[in-house]
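Taken in order, these protein sequences are the chains called A and B. First residue of the first sequence: 195, per this note's numbering; consecutive thereafter. First residue of the second sequence: 195, per this note's numbering; consecutive thereafter.
2 protein chains.
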Amino acid sequence: MLNKDQIKQLFPDWEDGLYESIIEHAELRTAPAGATLLKMGQNIKSTMLVVEGTVKLYQENEEGAEYFMYHLNPGEACAVTMVCNYHLEQSQVLAKAVTDVSFLAIPIEFMDKWLNQYKSWHYFVIRTYRLRYEELLKTIHETAFKNMDERLEFYIKRQVKQFGNTLKLTHQEIANDLNTSREVVSRLLKKMENHQWIVLNRNSFEWIKKD
Amino acid sequence: MLNKDQIKQLFPDWEDGLYESIIEHAELRTAPAGATLLKMGQNIKSTMLVVEGTVKLYQENEEGAEYFMYHLNPGEACAVTMVCNYHLEQSQVLAKAVTDVSFLAIPIEFMDKWLNQYKSWHYFVIRTYRLRYEELLKTIHETAFKNMDERLEFYIKRQVKQFGNTLKLTHQEIANDLNTSREVVSRLLKKMENHQWIVLNRNSFEWIKKD
DNA sequence: TATTGACTGTGATATTTATCACAAAGTCCT
DNA sequence: AGGACTTTGTGATAAATATCACAGTCAATA
């Protein structure tokens, strides 16, 4: 388990008691890159606070197609798993580890208790929802209004922000995230290369557009 | 202004002090059907709690195209306007009155104060975010995975849930909400009529599909 | 170095959606 | 009744995206 200072660094401004409750009741779990942390429809048993690594949040449809929504980084939390008593407890999202990750898992029975007990937890929950809500708005904006070339550019920029200019992604992986086909992604990337926005390599490419 | 009992009926389970603060500081405003209540990019000055009527929430793009996300009903609140100190205060959504509406407008300077002061307000804010977040997830699901025929069906079902089986909507209005063109909507509605899902009239149609 | 498998490029074609064009039908107003 | 305007229907065509087919390239490894 982490010690108080380590938790405090990730989640500043909490009450002392909250840190102690975390240490007492949370479990520090790890998962390797690529692991599925939460499936759609799965019963939610614990809240997830990211400690190390990056988590990707998806929508998923009946056939298993995926749609990328946003990233979670250390110090951030999964809004969906912050279940309160008055609400359904089935996950509506799919969460996957992008890198090796570690996270704090808190059994959901503490959610209501802590909301009552710790003001700083209350604020944290609100902040988490607000940030995720805003990410969803951006995702809707791209999806509803833009063509695939612009959506791909938006997607790449998000990745660049997360991981830097050199991205280790295959065309197929990108196509999965955007719910399109590999061929479409290949052709659009080739166009971006012609416009000198990227340099293409096998299994990776580099974002070089300056704007 | 509403009296305490009226507010209590719409927003049950609040603390007494919160009702009194509402009465003291909130303003009861009205707007006619079709009015714009909140523009994208607009500075948020007050939180909106719906008292009567139905409000529609949209995303909007640079060219003024709209994309319908969800409805707000009496007793519900606009998550976007529940601004806390630590966050930007520019609206990322467009809100319009569908019917004549009345709503309570609370200056945002009370948000932080009330979060500190009233536990029930805190819960209300979390609940609001959670409900809106879930609506956004549904919207993304439809937009990302479905073709226009299925999206139109989903849209109509949402409207039916709100307003009953007879919907007073022109094809152009539907097209605007779904960010598509009037012709596409006309053709798809005609198909639905052939399948006996709807009965078409001028300026309205009726949902008769049983499933 | 030969084979295998994953990844990429690209033409051809199909499907979906958008756009243009115009006619027909309903509504409102005088 | 006669316009003027809004709404709806529908063909023709264009543009965007999806799907199929297949070849070429790279990397791992037996």
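Even for Gly, the Cβ is constructed at its ideal location relative to N, Cα and C.
- At a cut-off of 3 residues, the continuous stretches assigned as beta strand (DSSP E) that sit fully inside the region 223 to 266 of chain A are 230 to 232, 240 to 246, 249 to 254 and 260 to 266.
- Close CB contacts of T275(A) within its chain, under the 8 angstroms cut and outside five residues either way in sequence, are with L232, I238, S240, T241, M242, S285 and I302 (chain order).
- In the displayed model, T337(B) falls within a helix according to three-state DSSP.
- Using a CB distance below 9 angstroms, the part of the region 335 to 350 of chain B facing chain A consists of H335, T337, A338, F339 and K340, ordered along the chain.
- N370(B): member of the alpha helix (DSSP H) spanning H365 to L372, first to last residue.
- Around the beta carbon of M386(A), 16 or more other beta carbons sit within 10 angstroms, so the residue counts as buried.
- Rounded to the nearest whole angstrom, the CA to CA distance from T337(B) to D306(B) is 35 angstroms.
- Leaving aside the five residues that flank S398(A) on each side, the residues in its chain whose CB is nearer than 8 angstroms to its CB run, in chain order, T360, L361, K362 and L363.
- With the rule of 3 Cβ pairs closer than 8 angstroms, the region 216 to 229 of chain B does not count as touching the region 390 to 397 of chain A.
- Inside the region 280 to 316 of chain A, DSSP marks whole alpha helix (DSSP H) runs of 4 or more residues at positions 303 to 311, from first to last along the chain.
- Across the set A299(B), Y261(B) and V354(B), the C-alpha of A299(B) shows the shortest separation from the C-alpha of V245(B).
- Contacts between T333(B) and chain A, judged by CB atoms closer than 7 angstroms, involve I334 in chain order.
- Per DSSP, the continuous beta strand (DSSP E) segment holding E400(A) begins and ends at S398 to W401.
- Judged by their CB atoms, A291(A) and G228(A) are nearer to each other than the 8 angstroms cut-off.
- By the C-beta density criterion, M195(A) is exposed, having fewer than 16 other C-beta atoms within 10 angstroms.
- Residue contact check for Q203(A) against chain B: no CB pair falls below 8 angstroms.
- Between F339(A) and Y261(B) the beta-carbon gap is near 7 angstroms, inside 8 angstroms, which marks them as a contact.
- D371(B) counts as buried, since no fewer than 16 other beta carbons sit within 10 angstroms of its beta carbon.
- Using a CB distance below 8 angstroms, the part of the region 313 to 331 of chain B facing chain A consists of K313, H316, Y317, V319, I320, R321, Y323, R324, R326, Y327, E328, L330 and L331, ordered along the chain.
- Proximity to E400(B) across R381(B), L330(B), C272(B) and Q353(B) peaks at Q353(B), based on C-alpha coordinates.
- Under the Cβ distance rule, V287(A) counts among the residues neighbouring chain B, one pair being separated by less than 8 angstroms.
- N267(B) sits close to T248(B), with the two beta carbons spaced by under 8 angstroms.
- Chain-order list of chain A residues neighbouring A273(B): Y327, by C-beta distance under 7 angstroms.
- Between the alpha carbons of Y317(B) and C272(A) lies a distance of about 18 angstroms.
- No Cβ of chain A is located within less than 8 angstroms of the beta carbon of Y264(B).
- Nearest to H365(B) by C-alpha distance, out of W208(B), L382(B) and E329(B), is L382(B).
- For L196(B), there is no enclosing beta strand (DSSP E), as DSSP gives it neither H nor E.
- Residues of chain A whose Cβ lies closer than 8 angstroms to the Cβ of A259(B) are, in chain order, F339.
- Under the Cβ distance rule, N255(A) counts among the residues neighbouring chain B, one pair being separated by less than 8 angstroms.
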